[in-house]
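Residue numbers (the numbering used here): 382 to 984. All C-beta atoms in this analysis are idealised placements derived from N, C-alpha and C, irrespective of residue type, glycine included. Notes to accompany the following structure.
Okay, structure coming up:
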């Protein structure tokens, strides 16, 4: 059998999938043939198979470099359930287990070995690998090599040594999040100049993107959870650790099963919370960005942001943790100008060169622009990554509830004039007071009652003016001074002030529930009682095995069982996700559930 035929046979017999998805076949063939590859594929697109299949076809053991120490056990457990000889090496293992894993590697008893980058670059590990037969190196989360990125790991910078020390071992670098600049950095820093690049596109069509203005954030979140995601598993992201703790406690008070996760918690407590999230149904994790990379839980039905992320890359990566099973999911966010000011102050106070800060500023501006856009949000998101969607997606808030706009030219001119005539030294609240003609003591003391713009904006209320200023910042007409929060005019505003261009602004309306509600993964024709019986069976087996339920079978596989109603092991073998090992191990258990559920007349 050819290598190509062997790869397909491995996919079917071990993993239980009938065919490769788009790009997977070419990537697998490249690596099996000994070539290097850089793979950009969205979360849930099947990146892992791109190195797992070649690992089982090529002779030797595949080394998988991953920064996700806390998740290695689950990754290895998942492969062992398939009959794959997998193990891991990281700082959590006691010395006797390290010795056992190293002995298994040298004796050819491993197919895949997950290893942390800091251990891989040690001289002792390099000497060990020189004595082993290696199938390939897989560098997961390759964007961690980018010094411009929010997931930068210094140890990744040394991974170019793999090419120097092992020139005949193919390497595959994988990521779900990398714009053109980051891809170029990955190629340079990992010495992948000869690698074939595979870009599978960024679209996650099952995710509905929804971004709203902050009005009453907690109540907005509560309405979203109660009306659209009761009992669903999800992630709520917050900017600060304090906000994570407070939000998690508040959600518990509201009757939700919620846990906090951030770097300030004890490591054992973080590990416990992460394990519970992976293993329990319907749990909400409230977290900072410290949580999520590599999380393989397929049935996360929503990702909510109570604060705006600082880059589109971060937003895309975090929202991408929803709907990995391909079923409908929501990416929901509320934001405000205060988010922007807080993030800019954090950037200004951070270490790093002026060039780095300018790049971060540009990325923050792009994120704010995505929030304020009036056209299809998915098209804008994909365009940022150099991907194109021919028409509006029909599955984002601006498509489902088209934005109302109004001619804001005159209001914008008044706002810009107020900022200029007050010396570009004041923030939004003071400028609104000037425009609305406030007689406050501060206005009088500063002499701002005498300005031509004093009182010219009484036709709009405070919230409407906040919307005007926020959109002027988002469109690049105003910038926010990071030290003091003052608004400053940009060169772009000259034609607007001279009356040479018209400016349409979005009209901020009270938030309505979206027309499309995200339901669970079940179509209407699925027998709910059978579905729940199969889930109960899965849960029991998972507890026996000490693994998360989705490692036994994912929701999509259970749904297909409900649809096909297999009556014997031969029919069960045709269900997607049921490989030979799982068929032998669990097939009879699930067949018994199906048979027991069907009435005698149906069976």
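Simplified DSSP assignment, three categories, for residue i
i	result
residue 686	strand
residue 845	helix
residue 591	strand
residue 896	Bear in mind that a pLDDT of 48 at residue 896, under 50, signals an unreliable position, so the number given afterwards is only what the model happens to contain. Coil.
residue 867	coil
residue 963	helix
residue 666	strand
residue 716	strand
residue 711	strand
residue 762	helix
residue 541	helix
residue 887	strand
residue 876	helix
residue 837	coil
residue 442	strand
residue 330	What the structure shows of the chain is the stretch from 382 to 984, and residue 330 is not part of that stretch, so it cannot be assessed.
residue 943	helix
residue 979	coil
Whether residue i touches residue j by CB criterion (8 Å)
i	j	result
residue 398	residue 553	no
residue 939	residue 954	no
residue 465	residue 395	yes
residue 421	residue 564	yes
residue 870	residue 797	yes
residue 825	residue 795	no
residue 688	residue 620	yes
residue 527	residue 572	no
residue 613	residue 683	yes
residue 718	residue 851	yes
residue 589	residue 712	yes
residue 993	residue 849	What is shown of the chain runs 382 to 984, which leaves residue 993 out entirely.
residue 516	residue 440	yes
residue 463	residue 919	no
Residue interval of the alpha helix (DSSP H) (run including residue i)
i	result
residue 747	735 to 753
residue 778	778 to 781
residue 629	622 to 634
residue 809	809 to 816
residue 413	405 to 413
residue 458	453 to 462
residue 561	561 to 570
residue 823	822 to 826
residue 922	909 to 926
residue 992	In this structure the chain extends from 382 to 984, so residue 992 is not present and cannot be described.
residue 619	That residue, residue 619, is in no alpha helix (DSSP H); it is neither H nor E in DSSP.
Same chain, Cβ closer than 7 Å to residue i, neighbours up to 5 away in sequence not counted
i	result
residue 757	773, 774, 777, 779, 780
residue 438	384, 387, 388, 391, 413
residue 882	876
residue 458	928, 932
residue 763	583, 584, 769, 770
residue 536	498, 499, 502
residue 587	704, 707, 708, 709, 710
residue 543	518, 552
residue 839	817, 818
residue 942	915, 956, 971, 975
Endpoints, beta strand (DSSP E) assigned at residue i
i	result
residue 552	552 to 556
residue 493	493 to 496
residue 788	786 to 788
residue 577	577 to 580
residue 518	515 to 520
residue 861	859 to 861
residue 642	639 to 642
Whole-angstrom C-beta distance between residue j and residue i, which should lie under 8 Å
i	j	result
residue 400	residue 706	Between residue 706 and residue 400 the Cβ distance is about 18 Å, and since that is not below 8 Å, they are no contact.
residue 669	residue 599	With a Cβ gap of about 18 Å, residue 669 and residue 599 do not count as contacting.
residue 975	residue 947	7 Å
residue 637	residue 659	18 Å between Cβ atoms; not a contact.
residue 651	residue 676	Residue 651 to residue 676, Cβ: 13 Å. No contact.
residue 790	residue 884	5 Å
Cβ neighbours of residue i in the same chain (closer than 8 Å, five flanking residues each side left out)
i	result
residue 949	972
residue 494	442, 443, 444, 445, 467, 468, 469, 470, 482, 486
residue 601	593, 595, 715, 892
residue 567	419, 523, 524, 526, 527, 554, 556, 559, 573
Cut-off 6 Å between Cβ atoms - residues of its own chain near residue i, not counting five sequence neighbours on either side
i	result
residue 888	785, 787
residue 447	495, 521
residue 667	617, 625, 628, 629, 639, 641
residue 404	579, 581
residue 415	551
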